[in-house]
Amino acid sequence: MTTIITVTSGKGGVGKTTTSASIASGLALRGFKTAVLDFDVGLRNLDLIMGCERRVVYDFVNVIQGDANLHQALIKDKHADNLFVLPASQTRDKDALTSEGVEKVLKELEHQGFDYVVCDSPAGIEHGAVIALTFADEAIVVTNPEVSSVRDSDRILGIIQSKSRRAIEGREPVKEHLLVTRYDPKRAHEGEMLTYTDIQELLRIPLLGVIPESEVVLQASNQGIPAIHQKGTPVADAYQDAIGRFLGEEHPLRFVEYEKPGLLKRLLGGK
Amino acid sequence: MSLLSLIFGEKKHTASVAKERLQLIIARERVGLSGPDFLPDLQKDLVAVISKYVPIDPADIKVALEKQGNYEVLEVNIVLPEGR
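Protein chains in written order, with this note's numbering: chain A, 1 to 271; chain B, 272 to 355.
Encoded structure:
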């Protein structure tokens, strides 16, 4: 059985691709055969975040249109065994991702014994975003502690609940998870930023994790190595915890409480 | 802004405002994504019903949706013709 996980948000720039890359990498590091698919036709970026942009030959649309087979298009990840990347097309029209075509590719991934398929959704609520969530078994809704992101997340939850196959066919609903990203415990503590509990209260879905705001994310994308590989950093640890929770483990939330820096730390100006 | 807060760079606690605004807008958008788009139809239906009993001009009926604090108020204002 292949589990299809859609990483979505409505709003752009909140960390969908960063999250898709890290969640897929983390699942693969735990031994699951995993594929991560870029649904952002025309604006592909997952390849850059995964560091495989120079190895792209065929893409998602090539596979759907029969120009290449899936085996040719899947790029084996350099940093994790069991992980494969399917890039989006950079040149095609976004309508090239047909529902039948995507379903066929997902079926084939299932035949090839993949445990997880992570679908990296484009921003917005148009065709690309809808097709990315159509076949989802689980959805990770990425939200920043910011009003427009929270509102858009609520919109996308409504779309999951109305347009996913599971909803349309009246099967068990898509399992929804909230992932709060770019969280700043200090600003939340000082009442300047929505807290993760505020966001959870507003959206009313279970919390998968809280990823702290960190320069590590930019460092990771600069190098094309998913943030989860930046071992020992709060971002990588927070993603590891989120994956653990996704798999049913219990982990207390970390990096969400603000600790006042001690006098020494303030004097030394350490980060 | 007082001199003190200028010096110490007092920060505004705006998160609670954000939460309140989101609570209202999300609740409204969940009910029906179209919002108060039903108002024209409602007005037409009201005119039809009332006209069965009292002759009124469709222009004499006003329907509005307003927000008052935490409540939404549907206001229906009907002016009955004089001389009855």
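Virtual Cβ for every residue (Gly too), placed ideally from N, Cα, C.
Every value quoted in this text rests on a predicted model; they were computed, and no experiment measured them.
Taking the C-alpha atoms as reference points, what is the distance between residue i and residue j?
| i | j | result |
| --- | --- | --- |
| S287(B) | K315(B) | 40 Å |
| E100(A) | Y58(A) | 19 Å |
| I5(A) | Y116(A) | 7 Å |
| E169(A) | I156(A) | 19 Å |
| R301(B) | L293(B) | 12 Å |
| K175(A) | V334(B) | 41 Å |
| Q273(A) | A73(A) | Outside the shown range of chain A, which is 1 to 271, sits residue 273(A), and nothing can be said about it. |
| S305(B) | R299(B) | Note that S305(B) has pLDDT 46, beneath the 50 cutoff, so the model's placement of it is unreliable and no number is given. |
| L336(B) | G262(A) | 54 Å |
| I125(A) | K76(A) | 30 Å |
| F246(A) | E257(A) | 22 Å |
| L317(B) | Q339(B) | 23 Å |
| R55(A) | A35(A) | 16 Å |
| H229(A) | Q90(A) | 27 Å |
| L267(A) | E53(A) | 44 Å |
| L295(B) | A319(B) | 33 Å |
| K33(A) | G26(A) | 11 Å |
| A188(A) | I199(A) | 11 Å |
| A259(A) | P145(A) | Residue 259(A) is actually Glu in this sequence, not Ala. Using only the alpha carbons, I get a separation of about 19 Å. |
| E110(A) | E103(A) | 11 Å |
| L202(A) | A242(A) | 20 Å |
| E343(B) | I159(A) | 25 Å |
Contact defined as beta carbons within less than 8 Å: I believe residue i pairs with residue j. What is the distance between those atoms, to the nearest angstrom?
| i | j | result |
| --- | --- | --- |
| T3(A) | E192(A) | Between E192(A) and T3(A) the Cβ distance is about 38 Å, and since that is not below 8 Å, they are no contact. |
| A88(A) | F114(A) | 18 Å between Cβ atoms; not a contact. |
Would you mind telling me which residues of chain A sit closer than 7 Å to residue i, beta carbon to beta carbon, in chain order?
| i | result |
| --- | --- |
| R299(B) | Ordered by position in chain A, no residue passes the 7 Å Cβ test against R299(B), which lies about 11 Å from the chain. |
Enumerate in chain order the residues of its own chain whose CB-to-CB distance from residue i is below 6 Å, with the five nearest sequence positions on each side excluded.
| i | result |
| --- | --- |
| L70(A) | V63, E108 |
| S221(A) | I49 |
| A132(A) | T6, F39, C119, S121 |
| V347(B) | V334 |
| V142(A) | S9, V14, G15, K16, T19, L179, T181 |
Check the Cβ of residue i against every Cβ in chain A and list those closer than 9 Å, keeping chain order.
| i | result |
| --- | --- |
| L295(B) | Those do not exist, as L295(B) stays about 11 Å from chain A at its closest Cβ, beyond 9 Å. |
| A286(B) | P145, R187, A188, E190, G191, E192, M193, L194, T195, D198 |
Check the Cβ of residue i against every Cβ in chain B and list those closer than 9 Å, keeping chain order.
| i | result |
| --- | --- |
| L179(A) | Result: empty, since nearest Cβ-Cβ is about 18 Å, beyond 9 Å. |
What in chain B is Cβ-close to residue i, meaning under 7 Å?
| i | result |
| --- | --- |
| E100(A) | Residues of chain B passing the Cβ test: none, with the nearest at roughly 28 Å. |
Closer than 8 Å by beta-carbon distance: list the chain B residues that pair up with residue i, in chain order.
| i | result |
| --- | --- |
| L202(A) | K290, L293, Q294, I297 |
What does a CB cutoff of less than 7 Å around residue i pick up in its chain, not counting 5 residues either side in sequence?
| i | result |
| --- | --- |
| K272(A) | Outside the displayed span of chain A (1 to 271) sits residue 272(A), for which this structure offers no information. |
| L253(A) | V210 |
| F84(A) | A35, L74, I75, K76, D77 |
| D331(B) | I349, V350 |
Sorted by chain position, which residues of the same chain lie with C-beta nearer than 8 Å to residue i's C-beta, five sequence neighbours on each side aside?
| i | result |
| --- | --- |
| G224(A) | L48, I49, M50, G51, C52, E53 |
| T18(A) | I49, T181, V217, A220, S221, P226, A227 |
Chain-ordered residues of the stretch 4-29 of chain A with a beta carbon less than 8 Å from chain B:
The residues in question: there are none.
Along the stretch 150-173 of chain A, where does the CB come closer than 8 Å to a CB of chain B? Name the residues.
Of all residues in the stretch 150-173 of chain A, those with a C-beta nearer than 8 Å to a C-beta of chain B are V150, R151, D154, R155, G158, reading in chain order.
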